[in-house]
Amino acid sequence: EALKEVEPSALREVFVEVPNVSWKDVGGLDAIKRHLQESIQWPLQYAKLFEEAKITPPKGILLEGPPGCGKTLAAKALAHESGVNFISIKGPELMNKYVGEAEKGVREIFKLAKAAAPCIIFFDELDSLVPRRSSVDGDSGVSQRVISQFLTEMDGIEALKGVLVLGATNRKDLIDPALLRTGRFDFILTCPKPDQETRKKIFNIHAGDKPFKGEMKWDALAHQTEGMSGSDIEAICRRATMNALRKFIADFPAATEKQAKSFKISADDFRVVLEEVKKERM
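Every position in the sequence shown, counted from 1, becomes a number in our numbering once 134 is added.
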C-alpha cells in the first residue's frame, strides 16, 4: 500500500499521474497489447526465465497509425498495468531556441529514467522531436543536435538498462530513418483503423454501462460507422448521451431524484448523431 503512495524522488520533477486505464478499456489492438505486455510485463514478471534464455528486452517500441486509433490510450493502459515508473514527454516541449538546451533536456530525461529504472519514457508526437535530417538547416541546427543526442542515449556506449522508450506518431515518414533501425526501435507496431468487430467492442466500452431504452443493436451501429476511428466512436456516444440529456431536461427542467432515475438513451439519439456526423463529413 505504501508503494502505491510514495513516488521515486528522482521523478518528482517529471512526475506523471498514471491514468486509471486498463487493457479492458482498449478496444481491439490485441496484437499491440500482446507485444507491449511481452516487452514490459514479462521481463519483470519472469526475470529469471529471461536470464536463462539469454535474451534482453527491447529498447524501444514505436506505435504508429492514423489519429484517434488508440496509440496514446495503449500507452496509458501500459503505464497503469505494468506498475513501473512512467515519464511522459510531449515532443515539442523539449525544443528550445537556446543552443544546447534541447539536447540537455533529452539528456536529463534519460538520466532520470535510468535513476528510476525500471522505467518507461513515453514520447508523444515523436516526429516533432526527431524529424528527418536534411541539408537545409532552418532551425539553427537544433533538430540535428537533438536527433544526435537521442541516438546516443538509445544506442551509445552506455547501456540503456531497465528503460524502455515508447514512441507514438501518426507520421512515421517524418521521423529520421536512423532512429527506426533495429536496436533502437525494435518493434514498429501499426494501430489500424478498427474493423467492425473492434468498433462493436469500442461501443461497448464507451456506452455499455449507460441506461438504454430497450435493447441496443451494437452490430448495426458498428456497421454504420465503417471507416471511423475509436475517438470518432467515443464522440458519437458522448453526443448521443447529450442529445438524450437535452430532451430530458426540456421535459423535466426541475427533475427530482426519482425522475432522474428514469433517464434513458434511445436508439434514435444515436441515429440522429450518425446522420449529423455523415453530413459533417460530406
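From the three backbone atoms N, C-alpha and C, an ideal C-beta is built for every residue, glycine too.
All values derive from a computational prediction rather than experimental measurement.
- Taking a cut-off of 8 Å on C-beta distances, the segment 282 to 301 does not touch the segment 336 to 345, as fewer than three cross pairs fall below it.
- Residue 302 has 197, 258 as its beta-bridge partners, per DSSP.
- Secondary structure note for residue 324: its beta strand (DSSP E) is the uninterrupted segment 321 to 324.
- Between residue 305 and residue 353, the alpha-carbon positions lie close to 32 Å from each other.
- Your pair residue 264 and residue 313 checks out as a contact, with CB atoms roughly 6 Å apart and the cut at 8 Å.
- With contacts defined as CB atoms closer than 8 Å, residue 370 and residue 406 fail to qualify as a contacting pair.
- Looking from the CA of residue 246, the closest CA among 235, 224, 219 belongs to 219.
- In the three-state DSSP reduction, residue 222 falls in the strand class (E or B).
- Spanning the alpha carbons of residue 276 and residue 307 requires a straight line of approximately 20 Å.
- If the five residues before and after residue 256 are omitted, its C-beta is found closer than 6 Å to the C-beta atoms of 209, 222, 300, all from its own chain and listed in chain order.
- Using a Cβ-Cβ distance cut-off of 8 Å, the segment 211 to 218 and the segment 165 to 177 are in contact, since at least three pairs of beta carbons, one from each stretch, lie closer than that value.
- Relative to residue 316, the option among 381, 240, 191, 261 whose CA is nearest is 191.
- The closest CA to that of residue 194, considering only 280, 396, 409, 172, is found on 172.
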